[in-house]
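Reviewing the structure listed below.
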Amino acid sequence: MASEDTWTARFMALCDTVADWSEDRDRHVGCVIVGPGGHEVRATGYNGLPRGVSAADDARFDRPSGEKFYWIEHAERNAVYNAARAGVSLHGCTAYVNRFPCADCGRALIQSGITRVVAPPIPEADGALDYSFQVSARMLREAGVTVLEYRGPDQP
191 MASEDTWTAR
201 FMALCDTVAD
211 WSEDRDRHVG
221 CVIVGPGGHE
231 VRATGYNGLP
241 RGVSAADDAR
251 FDRPSGEKFY
261 WIEHAERNAV
271 YNAARAGVSL
281 HGCTAYVNRF
291 PCADCGRALI
301 QSGITRVVAP
311 PIPEADGALD
321 YSFQVSARML
331 REAGVTVLEY
341 RGPDQP
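All residue numbers for the sequence shown refer to my numbering, where the first residue is 191 and numbers rise by one.
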């Protein structure tokens, strides 16, 4: 039977696969939500435009102007929305994310019943989201959500 570290590495690799589906020109983020049993995928999501919204307009992906923040939905919230659309409970689940959740996503994970988040460390000097990451970490901690830092299979 595979170890917990092996399962974590598998789900984080799956996050990267799901992230590759993103049409965002700037960053690809993936989220995989796994049931309380530890091996059952309940939902996935990647950062991208809402269903039915065209990716043809490059202005929608412009980060310096902030335009992309109006158009792009984050991976974690997309995973939560996908579960809701399918009528899937996320109570007691673990969210694996290949980027630390922002405050908006942290709230969504808390409100959906996620009890554990596995993610890389908070990015340093990200700019627009620096404070948001700090608030997210604080909210997750206060809400009793366990956050496990993932540095990759070959990193301590």
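For glycine and all other residues, C-beta sits at the position ideal for the given N, C-alpha and C.
Taking the C-alpha atoms as reference points, what is the distance between residue i and residue j?
i: Trp134; j: Gly238; result: Outside the modelled stretch of the chain, which goes from 191 to 346, sits residue 134, for which no answer is possible.
i: Cys283; j: Gly296; result: 14 Å
i: Pro346; j: Tyr340; result: Reliability of the predicted coordinates at Pro346 is poor, the pLDDT of 48 falling under 50, and no value is obtained from them.
i: Ala203; j: Asp195; result: 12 Å
i: Asp247; j: Trp211; result: 18 Å
i: Ala308; j: Ser255; result: Just to set this straight, residue 308 is Val in the shown sequence, not Ala. So the alpha carbons of these two residues sit roughly 31 Å apart.
i: Lys258; j: Thr207; result: 22 Å
For residue i, name the three-state secondary structure that DSSP assigns.
i: Val278; result: coil
i: Arg289; result: coil
i: Leu330; result: helix
i: Val325; result: helix
i: Arg341; result: coil
i: Ala315; result: coil
Does the Cβ-Cβ distance between residue i and residue j come in under 7 Å?
i: Asn272; j: Gly220; result: no
i: Phe251; j: Arg200; result: no
i: Gly368; j: Ala265; result: Missing from the structure shown is residue 368; the chain here goes from 191 to 346 and no further.
i: Ala276; j: Val325; result: no
i: Arg232; j: Ile223; result: yes
i: Ile300; j: Ala333; result: yes
i: Arg328; j: Ala298; result: no
Less than 6 Å between C-beta atoms, sequence neighbours within five positions excluded: which residues of the same chain meet that for residue i?
i: Gly225; result: Arg232 and Cys283
i: Asp316; result: none
Considering only residues of the same chain and omitting the five flanking positions on each side of residue i, which have a CB-CB separation below 7 Å?
i: Ser322; result: Cys292 and Ala293
i: Pro240; result: Glu263
Might you give, ordered along the chain, the residues of its own chain that have their beta carbon closer than 8 Å to the beta carbon of residue i, omitting 5 neighbours on each side?
i: Leu319; result: Cys292 and Pro313
i: Leu280; result: Ile223, Arg232, Ala233, Val270, Ala273, Ser302, Gly303 and Ile304
Using a Cβ-based criterion (distance less than 6 Å to any ligand heavy atom), does residue i qualify as near the ligand SAH?
i: Thr207; result: The ligand SAH is not part of the structure shown, which contains no ligands of any sort.
With a floor of 4 residues, list each alpha helix (DSSP H) that falls wholly inside the segment 193 to 267, ordered by position along the chain.
194 to 209 and 258 to 261
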